[in-house]
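Residue numbers (the numbering used here), protein chains in the order written: chain G, 3 to 441; chain L, 855 to 1196.
Report on the following structure.
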Amino acid sequence: MAENNNAGEGLRRLVHDVDAVALGDRTSYESGTLTVSADEAAAHFTEEALGQVRLSWASPGESVRIVKILDAVEPRTKGPGGAGIFPGLLGPARPQGRGETHVLRGAAVVAAGFLPRAQEAVVDMTAPMAELSPLANTHNLVVEFDPPPGVDWAVVSAGLRQGMLALAAQLAGAALDAPPDHEETLPPLRTSAQGGRSGGGQDGLPRVGAITNLQTQGTFKETFVYGRSFTGALPTLLGPGELDDGAVVSGQFGHPSLKNPTYLYQNHPVVAALLERHGKDLDFAGVVISPEPVDQVGKELVCAHAARLCADAGFDAALLTKEGGGNADADVALKMDRLEELGIAAVGLFAEMAGPDGTGPSIVVPPNRATAMVSTGNYDEKVELAEVERALGGARVALVDEPATARMELPTAAFYGALSPLGWGRLTCGETVMRTAPS
Amino acid sequence: MTRVVHYLNQFFTGVGGEDAASTSPARTDGAVGPGRKLQALLGDDFEVVATVSCGDDYAAGEPKAVDEILALVKDAKPDVVVIGPAFSSGRYGLACGRLAAAATQAGLAAVAAMHPDNPGLDEAAGAPVVRSGEAAREMGPSLETLAAAVRKLVAGEDLTDAEGRLGKPARRNRVADENAARRAVALVLARLGGDREATEVPLPNFDQVTPAAPVEDLSQVTVALVSEGALVPAANPDKLESARATRWAHYSVEGRDSLPSGEFISVHGGFSTVAANEDPQRIVPLDVARELESEGAIGRLHGEYLVTAGNGTSVGNAKRFGTEWVADLRKSGVRAAILTAT
Chain G
3 MAENNNAGEG LRRLVHDVDA VALGDRTSYE SGTLTVSADE AAAHFTEEAL
53 GQVRLSWASP GESVRIVKIL DAVEPRTKGP GGAGIFPGLL GPARPQGRGE
103 THVLRGAAVV AAGFLPRAQE AVVDMTAPMA ELSPLANTHN LVVEFDPPPG
153 VDWAVVSAGL RQGMLALAAQ LAGAALDAPP DHEETLPPLR TSAQGGRSGG
203 GQDGLPRVGA ITNLQTQGTF KETFVYGRSF TGALPTLLGP GELDDGAVVS
253 GQFGHPSLKN PTYLYQNHPV VAALLERHGK DLDFAGVVIS PEPVDQVGKE
303 LVCAHAARLC ADAGFDAALL TKEGGGNADA DVALKMDRLE ELGIAAVGLF
353 AEMAGPDGTG PSIVVPPNRA TAMVSTGNYD EKVELAEVER ALGGARVALV
403 DEPATARMEL PTAAFYGALS PLGWGRLTCG ETVMRTAPS
Chain L
855 MTRVVHYLNQ FFTGVGGEDA ASTSPARTDG AVGPGRKLQA LLGDDFEVVA
905 TVSCGDDYAA GEPKAVDEIL ALVKDAKPDV VVIGPAFSSG RYGLACGRLA
955 AAATQAGLAA VAAMHPDNPG LDEAAGAPVV RSGEAAREMG PSLETLAAAV
1005 RKLVAGEDLT DAEGRLGKPA RRNRVADENA ARRAVALVLA RLGGDREATE
1055 VPLPNFDQVT PAAPVEDLSQ VTVALVSEGA LVPAANPDKL ESARATRWAH
1105 YSVEGRDSLP SGEFISVHGG FSTVAANEDP QRIVPLDVAR ELESEGAIGR
1155 LHGEYLVTAG NGTSVGNAKR FGTEWVADLR KSGVRAAILT AT
């Protein structure tokens, strides 16, 4: 019994901390310093439609703003040449999540620039952004590109994605021979020990897993699983190591604050929080990934299917996350209701859309039966940014029609990952008492 | 003596019902209609010096209405502005909510009254609003609540639930001790431990909309096309937002049989607009509507379409657009609308 699925082997992370970065003649990692050859890095972007590719670093504390952010990837590799990392896109489309994976923690490869359906996504590397974006806390190797007129934007997007993954693998490859700063072990995926629920987990602990909805709304708003668009798929069960090894890669550029970058699939915060309690308060039950269909019939089908899959996999409880705005609320709410009907406790992570003054209704499509929700903050609240010295990703911020370096006020919705549906951030909403007299 | 200026709609000042809903703002001296009862409740320390009135369609549908109303209010030099009660009337409520917000913003003491489900509550932007009944049959108790609130307000005291203060507390962003993922795990463990109440987000209490009665004979009425598909003239002259819309626009289709590709585009941020831009009529179906019009299936097609972008739009703004659209369409004699959604 138990220990019987997915070959019973977990994943070992060999973590190398990145404390400092530089550009140099060759790419190397030594004593926490990652040096990158811009020429070597640019050579990964072979797609002609990208035009000239530029690379620069943006590090925490620098007076720099990154605008038009598209995706971020954490440098990782399983061995020379990637050795199977990012399966289906860089490595062969075979199940991953076992063995060893080298991680350059503290660095990210970030693409920034214009794509037609992308919404303006902004990060400052200075205060107050550290609480508002994971990328304000990492050394970012920013990839800018310069497509010629008349280009096919889908080709640009695919070329960027391929280049970023190859670059991420190459950077991590520089640390293959370095002793890791930390080692972390992820357990293998196990279905229910007793084949049933209610304390059916190891040591009688409740089995708690995640349901992670992936946005699937067509080109530039889709997500890749083992290299294939997940649009039209049915929910499926993954182990944590598969996410670590890049089985899920973002191709979604809408709703900046509600976006799940590849970086956060590699470092899934809900999975991390569950694993912290694994074997103590709960038995980790796995990750069900589900598409977010655009039509009601599709939503109801995948929600019922996901709930059934959780029941079959022996979940006692599930934490649900989404990607996107109000439309995606429906996918979380429907699943929460279906789960509760099957006796599986459901907690949903929601961003609030309560209007700029915070007094509007928060959730566009709330659940009917389930009630337990965590707030990742209010989408509409304004935040003021100071002027910065330089900007990457574009010359202007289209949302406010200002130079990209200018002082500006933006809604929280514009900050990359600020309301992270995957639970990265500490932002939430508190209620303030109104005054009646004019101030 | 505390000077009170009272705001009422055209109905309660006796100008007329729906036939007079497009009446522009006007002021009369002294208390009118329910204002007399308000005067009696407030007593001799207060004087209702003027009553400002406006038709509901004008007040809710005309962008400059609130400024015009506020100007008339200010001219009467009020110590306190008393607004409504609007009960559950949507257009009247919008006007009351906006006036409460504008007067408060201008530094005047102001309080409005309406039913908790009135969309005007969201327009008050935190300005004081107290509870009223659902309909005018509850005028008496509603005015008593309002009068008590006026006395408190003038005394410089805060209004609370006890005075019927409406409006939920503002939800403001703050930084929690743990990230959302860890808080979610704590919440699910609490739930598995038997706590079925715990949540960080109270369930919203959406009102139920009763559908209008079916139109008896479509061949006799004017029908409008309205859309959240963000279809605008190619230059986007009103700068309609592609996401988080705060406004809506209207464009003429008078004398047009089609919306050609290139002349109209969708600026919607929530879907690929390629197909929409190849044939804008798949967002606003003017071609089919004109066919129905020439066949006599509908009486007449309204001369313009109303449009916003439904992408990340707050429920509060969406409710306001809906109420404003109703005012605008009613003013034009439209009896039915086809809302295309993307």
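Every residue gets a Cβ at the ideal spot worked out from N, C-alpha and C, and that includes glycine.
None of these values were measured; they are calculated from a predicted model.
Cβ contact annotation for tryptophan 1179 of chain L (same chain, cutoff 8 Å, sequence separation greater than five): Val1080, Trp1102, Leu1160 and Ala1191, in chain order. The beta carbon of leucine 311 of chain G is closer than 8 Å to those of Pro237, Thr238, Leu239 and Val290 in its chain, skipping five residues each way along the sequence. Residue pairing by DSSP puts histidine 141 of chain G in a beta bridge opposite G:Ala109. With the criterion set as a beta carbon lying under 7 Å from some beta carbon of chain L, the members of the region 359-380 of chain G are Asp359, Gly360, Thr361, Gly362, Pro363, Ser364, Ile365, Val366, Pro368, Thr373, Ala374, Met375, Val376, Ser377, Thr378, Gly379 and Asn380, in sequence order. Annotated three-state conformation of tryptophan 59 of chain G is strand, per DSSP. About 40 Å separates the Cβ atoms of alanine 374 of chain G and valine 66 of chain G, ruling out a contact at the 8 Å cut-off. Interface annotation, arginine 1036 of chain L: in contact with chain G, CB-CB separation under 7 Å. Listed as beta-bridge partners of proline 293 of chain G by DSSP are G:Leu216.
Runs of the alpha helix (DSSP H) lying entirely within the region 10-62 of chain G, each at least 4 residues long, are 40-44 in chain order. Annotation: valine 934 of chain L has no Cβ neighbours in chain G at a cutoff of 9 Å; minimum Cβ distance is about 11 Å. By the Cβ-count criterion, histidine 1122 of chain L is buried, with 16 or more other Cβ atoms from all chains shown falling within 10 Å of its own Cβ. When DSSP states are grouped into helix, strand and coil, asparagine 1033 of chain L belongs to the coil group.
Bounds of any alpha helix (DSSP H) do not take in isoleucine 1119 of chain L; it lies within the beta strand (DSSP E) bounded by 1118-1120. Within chain G, the residues placing a beta-carbon under 7 Å from that of threonine 1053 of chain L are Thr373, Ala374 and Met375, ordered along the chain. Considering only G:Lys337, G:Ala287, G:Ala348 and G:Gly379, the residue with the shortest C-alpha distance to alanine 356 of chain G is G:Gly379. Per the C-alpha coordinates, the member of G:Ala320, G:Glu325 and G:Leu134 positioned closest to methionine 338 of chain G is G:Ala320. At a beta-carbon threshold of 8 Å, the residues of chain G lying near aspartate 976 of chain L are Gly357, Thr361 and Gly362, ordered along the chain.
Around glutamine 219 of chain G, the beta-carbon contacts reaching into chain L at under 9 Å are Gly1124, Phe1125 and Ser1126. Among the residues facing chain G, serine 1168 of chain L is included, as its CB has a counterpart in that chain under 7 Å away.
In the three-state reduction of the DSSP assignment, glycine 84 of chain G falls in the helix class. When the five nearest sequence neighbours on each side are left out, the beta carbons in the same chain lying within less than 8 Å of the beta carbon of alanine 960 of chain L are those of Leu924 and Lys928, in order along the chain.
With contacts defined by Cβ atoms closer than 7 Å, valine 55 of chain G and threonine 264 of chain G do not form a contacting pair. Shown in chain order are the members of the region 242-261 of chain G whose Cβ falls below 9 Å from a Cβ of chain L: Gly256, His257 and Leu260.
DSSP, reduced to helix, strand and coil, places arginine 1174 of chain L within a helical segment of the structure shown.
Relative to the Cα of aspartate 1111 of chain L, the nearest Cα in the group L:Val1069, L:Glu1145, L:Gly1150 and L:Glu1149 belongs to L:Glu1145. Secondary structure of glycine 327 of chain G (DSSP, three-state): coil. By the Cβ neighbour-count rule, arginine 1098 of chain L is buried, with 16 or more other Cβ atoms within 10 Å of its own. With respect to alanine 347 of chain G, arginine 1045 of chain L sits close: the two C-beta atoms are nearer than 7 Å.
For aspartate 314 of chain G, the enclosing alpha helix (DSSP H) covers residues 298-314.
Here proline 368 of chain G has Ala335 as same chain residues with Cβ atoms under 7 Å from its own Cβ, once five neighbours each way along the sequence are excluded. The C-beta distance from phenylalanine 222 of chain G to serine 159 of chain G rounds to 6 Å, short enough to fall under 8 Å. Under DSSP, valine 1008 of chain L forms no beta bridge with any residue.
Look at the region 308-324 of chain G: the residues with a C-beta under 7 Å from a C-beta of chain L are Asp318, Ala319 and Leu321. According to DSSP, residue pairing for methionine 375 of chain G in a beta bridge involves G:Gly350.
Two segments are said to touch when three or more pairs of C-beta atoms, one from each, lie closer than 8 Å; by this definition the region 893-913 of chain L touches the region 997-1011 of chain L.
Under the Cβ distance rule, alanine 347 of chain G counts among the residues neighbouring chain L, one pair being separated by less than 7 Å.
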